[in-house]
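Q: Have a look at this one.
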Amino acid sequence: MTVTVTAHARYVISDIDPRLYGSFIEHLGRAVYTGIYEPQHDSADENGMRRDVIDLVRELDVPVVRYPGGNFVSAYNWEDGIGPKDQRPVRLDLAWHTSESNEVGLHEFADWCKAAGTELMLAVNLGSRGLDEARNFLEYANHKGGSYWSDLRIANGRKEPFDVKLWCLGNEMDGPWQIGHKTAEEYGRLAHETAKAMRAFDKSLELVVCGSSNAKMPTYPAWEATVLDLTYNEVDYISLHMYFDNKANNTADYLAQNKKLDDYIVSVAGVIDFIKAKKRSSKRVYISFDEWNVWYHSNEQDRKILEGNDGWPFAPPLLEDIYNFEDVLQVGLIINTFIRRSDVVRIACLAQLVNVIAPIMTEPGGKAWRQTIFYPFLFASRHGRGKALDLKVSGPTYHAPSVGEVDCLDVAAVHDEAQGFVTFFVVNRSETSHPIEISLEGFGDAATLSDHQVMTHADLKAVNTAARPDAVVPAQGRGVTVTGTRLTGAISAYSYHMIRLK
Ligand code: AHR
1 MTVTVTAHAR
11 YVISDIDPRL
21 YGSFIEHLGR
31 AVYTGIYEPQ
41 HDSADENGMR
51 RDVIDLVREL
61 DVPVVRYPGG
71 NFVSAYNWED
81 GIGPKDQRPV
91 RLDLAWHTSE
101 SNEVGLHEFA
111 DWCKAAGTEL
121 MLAVNLGSRG
131 LDEARNFLEY
141 ANHKGGSYWS
151 DLRIANGRKE
161 PFDVKLWCLG
171 NEMDGPWQIG
181 HKTAEEYGRL
191 AHETAKAMRA
201 FDKSLELVVC
211 GSSNAKMPTY
221 PAWEATVLDL
231 TYNEVDYISL
241 HMYFDNKANN
251 TADYLAQNKK
261 LDDYIVSVAG
271 VIDFIKAKKR
281 SSKRVYISFD
291 EWNVWYHSNE
301 QDRKILEGND
311 GWPFAPPLLE
321 DIYNFEDVLQ
331 VGLIINTFIR
341 RSDVVRIACL
351 AQLVNVIAPI
361 MTEPGGKAWR
371 QTIFYPFLFA
381 SRHGRGKALD
391 LKVSGPTYHA
401 PSVGEVDCLD
411 VAAVHDEAQG
421 FVTFFVVNRS
431 ETSHPIEISL
441 EGFGDAATLS
451 DHQVMTHADL
461 KAVNTAARPD
471 AVVPAQGRGV
481 TVTGTRLTGA
491 ISAYSYHMIR
501 LK
């Protein structure tokens, strides 16, 4: 049965905020040390940052990177990471049971962001600390000078403010695992007062309040309702997190999980609307989906590392998931969901960026390489900017045990009006090939095929490794033709496609 897709230039979901293709670096495992920072590495720049990694981040064109955590931030003293490096304290990181040397802190990371062509998104510690730490951190980072904290920044070698606009008010504060975990009321009050103080410094900041750590939390979605009720007027975004796994080794069900993601987004959008109405507010709070990815391949190895060590290792190889081809499809499906919900999800961060559940891996002293999931993120980040189109899709479905019926082909499309491209992202999550017919309406009389990249593999579990980094890579697509404003072709079983029409 043919899958028919209709795209009309005037049927638009939303302008996509480019920050939909953000990412995340936490002081966790080897994300920072031997990830982005390795002064002894051949490629290290004058700041000790690996140029080979910077090049790969630039290739991904990541518009924003969240930092420094994650769970790490909830017991982090930002002051430990400023001033002369040889005087910075080594601390015990309670979140990941490791040692933190503090060689990299705000200055070094902000310089790295500049080198990597990305914007910094900072998180304040609302776990072990609170409002006072947040306001001091903000004054240090953003005030031009003439005050205690801003003058200290200048004394530390940075005259111009970092001018960070986007701030997270803590991390996963609903999680009992979080250092300084709080009830929704406790957190909502603290977040409100912290946001108020931060806004007293600068009204134009963009502030992100914590939503649920995942949709299975017992407090979800009452958490969102309570927290937003207490903070609505002071914040701009509510954060959501979600990780995916195929522990059951059930591909059909695994690749249907973006239905749960969609339900999660729609439900939280409903809570936002409810509080908006309750407050008689004209302001809209949006979603910052600031942690998402596949995370399960490394669970066993992490258990061994953490259980087998009674010390506090420095930069151990934690959360080093090695992604397979199946995960390419999953990441494509997740991003398609964000594109279709880009009217409410304005920011999203692939968690994380280097070594820790990441598209980019490094060998200490060795090379940097691309995981399988690098590619669907790359295509979306590079070609998924513009207007998300409200497609009409009709075609075969299959039944997934945990979510019910899902389309065999998952399709999203983005219209880049300035450059004149319409880009389709198509994931065939089924085990059979499907003919496809895409009709363009309102884009002009004729279209041409500008690019077609395809990812497919005989083995769903195939991975890239340092020794073989090109086992799973995109190839030029074949077998689709464009006649006038109609594209026809076949989408093979278990495949990812980026199709650009001009
Ligand atoms: O990204 C890994 C961890 O996942 C983060 O530290 C935490 O916020 C989440 O639970």
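Counted the way full-length UniProt numbering counts, the sequence shown spans residues 1 to 502.
All C-beta atoms, glycine included, are put in the ideal place defined by N, C-alpha and C.
Identify the continuous alpha helix (DSSP H) that holds residue 542 and give its terminal residues.
A: Lying outside 1 to 502, the shown extent of the chain, residue 542 is not represented and no answer is given.
Q: In this structure, what does DSSP give as the bridge partners for Gly404?
A: Within the sequence shown, the letter at position 404 stands for residue 404. Gly404 pairs with Ala400.
Q: For Ser267, does the three-state DSSP call read helix, strand or coil?
A: The residue you call residue 267 lines up with position 267 of the sequence shown. DSSP places Ser267 in helix when its eight states are reduced to three.
Q: Using C-beta distances below 6 Å, list every residue in its chain close to Tyr33, excluding the 5 sequence neighbours before and after it, in chain order.
A: Residue numbering aside, residue 33 sits at position 33 when the sequence shown is read from its first letter. For Tyr33, where only same-chain residues beyond five positions count, the Cβ hits under 6 Å are Ala315.
Q: Using a Cβ-Cβ cutoff of less than 6 Å, which residues in the same chain neighbour Trp223 once the five nearest sequence positions on both sides are dropped?
A: In the sequence shown, residue 223 corresponds to position 223, counting from 1. Answer for Trp223: Asp174, Ala184, Ser212, listed in chain order.
Q: Report the rounded CA-to-CA distance for Pro18 versus Asp163, giving the unit in angstroms.
A: Mapped onto the sequence shown, residue 18 falls at position 18. Mapped onto the sequence shown, residue 163 falls at position 163. Computed Cα separation, rounded: 19 Å.
Q: With 16 other CB atoms within 10 Å as the buried threshold, where does Leu329 fall?
A: Within the sequence shown, numbered from 1, the residue matching residue 329 stands at position 329. Its Cβ being crowded by 16 or more others within 10 Å, Leu329 is buried.
Q: Would you mind sorting His399 into buried or exposed? The rule is 16 or more other CB atoms within 10 Å of its CB.
A: Residue numbering aside, residue 399 sits at position 399 when the sequence shown is read from its first letter. Per the 10 Å Cβ criterion, exposed.
Q: For the alpha helix (DSSP H) that contains Trp112, what are its first and last residues?
A: Counting from 1 along the sequence shown, the entry for residue 112 is found at position 112. Run containing Trp112: 106–116, per the alpha helix (DSSP H) assignment.
Q: Do you know offhand how far Thr423's Cα is from Tyr237's?
A: By 1-based counting over the sequence shown, the position of residue 423 is 423. By 1-based counting over the sequence shown, the position of residue 237 is 237. When rounded, the distance between both Cα atoms is 28 Å.
Q: What are the residues that DSSP puts in a beta bridge with Ile436?
A: The residue you call residue 436 lines up with position 436 of the sequence shown. Val3, Gly489.
Q: Can you tell me whether DSSP reads Phe425 as helix, strand or coil?
A: Here residue 425 corresponds to residue number 425 of the sequence shown, with the count starting at 1. Three-state DSSP puts Phe425 in a strand.
Q: Can you round the beta-carbon distance between Pro469 and Gln453 to whole angstroms, since I take them to be within the 8 Å contact cut?
A: Against the sequence shown, residue 469 aligns to sequence position 469. Against the sequence shown, residue 453 aligns to sequence position 453. Not really, about 18 Å apart at Cβ, beyond 8 Å.
Q: Can the beta-carbon of Glu363 be found less than 9 Å from the beta-carbon of Ala466?
A: The count along the sequence shown starts at 1 and reaches residue 363 at position 363. The count along the sequence shown starts at 1 and reaches residue 466 at position 466. Against a cut-off of 9 Å, the Cβ pair of Ala466 and Glu363 comes out as a contact.
Q: Please confirm whether Leu92 and Ser99 have their CB atoms less than 9 Å apart.
A: Here the question's residue 92 lines up with position 92 in the sequence shown. Here the question's residue 99 lines up with position 99 in the sequence shown. Cβ distance < 9 Å, so Leu92 and Ser99 count as in contact.
Q: Check whether the segment 397–413 and the segment 245–254 are in contact - that is, three or more C-beta pairs closer than 8 Å.
A: With a cut-off of 8 Å, the segment 245–254 and the segment 397–413 count as touching, because enough Cβ pairs lie within range.
Q: Considering Cα atoms alone, identify which of Glu133, Gly484, Asn464 is closest to Asp321.
A: Here residue 321 is taken as the residue at index 321 of the sequence shown, counted from 1. That would be Asn464, whose Cα lies nearest to the Cα of Asp321.
Q: Any heavy atom of the ligand AHR closer than 8 Å to the beta-carbon of Ala351?
A: On the sequence shown, position 351 is the one that residue 351 refers to. Checking the Cβ of Ala351 against the ligand AHR gives yes.
Q: How many angstroms separate the CA atom of Phe85 from the CA atom of Leu228?
A: The residue you call residue 85 lines up with position 85 of the sequence shown. The residue you call residue 228 lines up with position 228 of the sequence shown. In the sequence as displayed, the identity of residue 85 is Lys instead of Phe. Going by the C-alpha atoms only, they are around 40 Å apart.
Q: Who are the Cβ neighbours of Ser439 in its own chain at under 6 Å, not counting the five residues just before and after it?
A: Locating residue 439 in the sequence shown gives position 439, where the first residue counts as 1. So the qualifying residues of the chain are Thr6, Arg486.
Q: So if DSSP puts Asn387 in a beta bridge, which residue, or which two residues, is it bridged to?
A: Residue mapping note: residue 387 aligns to position 387 of the sequence shown, counting from 1. It is Lys, not Asn, that sits at residue 387 in the sequence shown. Asp15, His415.
Q: Could you check whether the Cβ of Glu103 sits closer than 8 Å to any heavy atom belonging to the ligand AHR?
A: Working through the sequence shown from its first residue, we reach residue 103 at position 103. No, Cβ of Glu103 sits at least 8 Å from all heavy atoms of the ligand AHR.
Q: Just to confirm, does Gly127 get its C-beta within under 8 Å of one of the non-hydrogen atoms of the ligand AHR?
A: Position 127 of the sequence shown, counted from the start, is the residue given in the question as residue 127. No.
Q: Among the candidates Ser298, Ala471, Val294, Tyr148, whose CA atom is the shortest distance from the CA of Leu350?
A: For the purposes of this step, residue 350 is taken as residue 350 along the sequence shown, with counting starting at 1. Among Ser298, Ala471, Val294, Tyr148, the Cα nearest to that of Leu350 is on Val294.
Q: Return yes when at least one heavy atom of the ligand AHR lies under 8 Å from the C-beta of Asn71, else no.
A: Reading the sequence shown from its first residue, position 71 is the one you call residue 71. Asn71 Cβ: within cutoff of the ligand AHR.
Q: Among Asn258, Lys216, Lys278, Tyr243, which one has its Cα closest to the Cα of Trp292?
A: Counting from 1 along the sequence shown, the entry for residue 292 is found at position 292. The candidate whose alpha carbon is nearest that of Trp292 is Tyr243.
Q: Where do the ends of the alpha helix (DSSP H) carrying Phe338 lie?
A: As a first step, residue 338 must be located in the sequence shown, where it is residue number 338. 325–340 is the extent of the alpha helix (DSSP H) around Phe338.
Q: Here's a check: name, in chain order, each residue in its chain whose Cβ is nearer than 6 Å to the Cβ of Ala219, leaving out the five neighbours to either side.
A: Start at 1 with the first residue of the sequence shown, and residue 219 comes out as number 219. What sits at residue 219 in the sequence shown is Thr, not Ala. Cβ within range, chain order: Asp174.
Q: With DSSP as the reference, identify every bridge partner of Ser99, one or two as the case may be.
A: Within the sequence shown, the letter at position 99 stands for residue 99. Leu92, Phe314.
Q: Please determine whether the Cβ atom of Ile357 lies at a distance below 8 Å from any heavy atom of the ligand AHR.
A: Along the sequence shown, read from residue 1 onward, the residue named residue 357 stands at position 357. Yes, the ligand AHR has a heavy atom inside 8 Å of this Cβ.
Q: With the cut-off set at 9 Å, would you say Ser433 and Pro396 are in Cβ contact?
A: Numbered from 1 along the sequence shown, position 433 holds the residue referred to as residue 433. Numbered from 1 along the sequence shown, position 396 holds the residue referred to as residue 396. No, these two residues do not count as a Cβ contact at 9 Å.
Q: Got a sec? Which residues, its chain only, sit under 8 Å from Thr448 by beta carbon, not counting five neighbours each side?
A: Reading the sequence shown from its first residue, position 448 is the one you call residue 448. The residues are Val482, Leu501, Lys502.
Q: On the three-pair Cβ rule with 8 Å, is the segment 115–124 touching the segment 52–71?
A: Output reads yes: the segment 52–71 touches the segment 115–124.
Q: Would you decide whether Ser74 is buried or exposed? Buried here means 16 or more other CB atoms lie within 10 Å of its CB.
A: Counting from one through the sequence shown, the residue named residue 74 turns up at place 74. Flag for Ser74 reads buried.
Q: Cβ of Phe325 within 9 Å of Cβ of Val472?
A: Here residue 325 is taken as the residue at index 325 of the sequence shown, counted from 1. Here residue 472 is taken as the residue at index 472 of the sequence shown, counted from 1. Cβ atoms of Phe325 and Val472: closer than 9 Å.
Q: Could you spell out where the alpha helix (DSSP H) holding Trp223 opens and where it closes?
A: Numbered from 1 along the sequence shown, position 223 holds the residue referred to as residue 223. Per DSSP, Trp223 belongs to the alpha helix (DSSP H) from 222–231.
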